[in-house]
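So the mapping is simple: my numbering equals the position in the sequence shown, first residue as 1, plus 9. Cβ atoms here follow ideal geometry from the backbone N, Cα and C, with glycine treated the same way. Computed from a predicted structure; not experimentally measured. These notes concern the structure reproduced below.
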Amino acid sequence: MEKVLQIFSICIQTSQIELDIDSLTSFCYDIQQKDRGVELSNIGGWQSGNIRNNRHPEFIKLLFEIQTAADRYHNELQFKKELKQELDNIWININGKGHSNEYHIHPYSALSGVFYLTDSKFPIIFKHPYDDICTYYWPEEYIESWNNLNSAEWSILPKKNMLLIFPAWLSHKVAMNKEDFNRISISFNTRFHKKE
């Protein structure tokens, strides 16, 4: 009997949650007015510092949803039950037209994620851990149709109220925003923490 083993899988968890996007959008712009921002993987645009301790009511709801989703991910991957995912840092991204984020990872974190406040035609792109797969082994002219087993990249289009969680070591970037409105998201990292 023939068996196909799909080994070394990468889990990207998607959830659709219902929060007050207008309230969160105002919250993001209020923070932007008070925070000069930081430059990390962003090319243009604005990225806040860590806002983990903010007490805005709708943001508190988002934190609850993130924790719930991170707990599901933790259990799905069968990490130790005496450990949990603890939010380490969380920040706002506002990318206007022409802005993007270059490929990067999130060192020393367990999980990373992003919550979208806006739809976009320009995706988040994940890179295969062996990124030369298509350059040297499986070039495009040999591929009938791209799928999760033969692709060097995988794209997901942002949708309002979409929450993504993925391994912090998975290289990813945000394609350039070519639309005439801001693309707004809230990103975060978790770490392993011993349950009390």
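- Comparing alpha carbon positions, the residue from H113, P148, Y145 and I133 closest to S164 is I133.
- Within the region 64–96, the complete alpha helix (DSSP H) segments of 4 residues or longer fall at 66–85, listed in chain order.
- Considering only H65, N186, D80 and W155, the residue with the shortest C-alpha distance to N110 is N186.
- Taken atom to atom, the span from the alpha-carbon of F197 to that of Y117 is near 13 Å.
- The Cβ-Cβ distance between S160 and H137 falls below 8 Å.
- K12 sits in coil when the DSSP states are folded into three classes, being neither helix nor strand.
- Y38: member of the alpha helix (DSSP H) spanning I30 to K43, first to last residue.
- Within the same chain, Cβ atoms closer than 7 Å to the Cβ of T199 are found at A79, Q94, E95, L96, D97, S118, A119 and L120, the five residues on either side in sequence being excluded.
- Cβ atoms of F124 and S194 come within 8 Å of each other, at about 6 Å.
- I103 is a Cβ neighbour of W55, given a cutoff of 8 Å.
- By the C-beta density criterion, H202 is exposed, having fewer than 16 other C-beta atoms within 10 angstroms.
- Ranked by Cα distance from I30, the options L126, Y146 and L172 are led by L126.
- In the DSSP secondary-structure assignment, E162 is bridged to K136.
- Bridge partners of Y125 according to DSSP: S194.
- Assigned with DSSP and collapsed to three states, Y145 falls in helix.
- Taking a C-beta distance under 8 Å as the contact criterion, C143 and E150 do not qualify as a contact pair.
- Our two residues, N157 and D128, have alpha carbons roughly 23 Å apart in a direct line.
- V183 counts as buried, since at least 16 other C-beta atoms from the protein chains shown sit within 10 angstroms of its C-beta.
- Rounded to whole angstroms, A177 and H115 show a C-alpha spacing of 5 Å.
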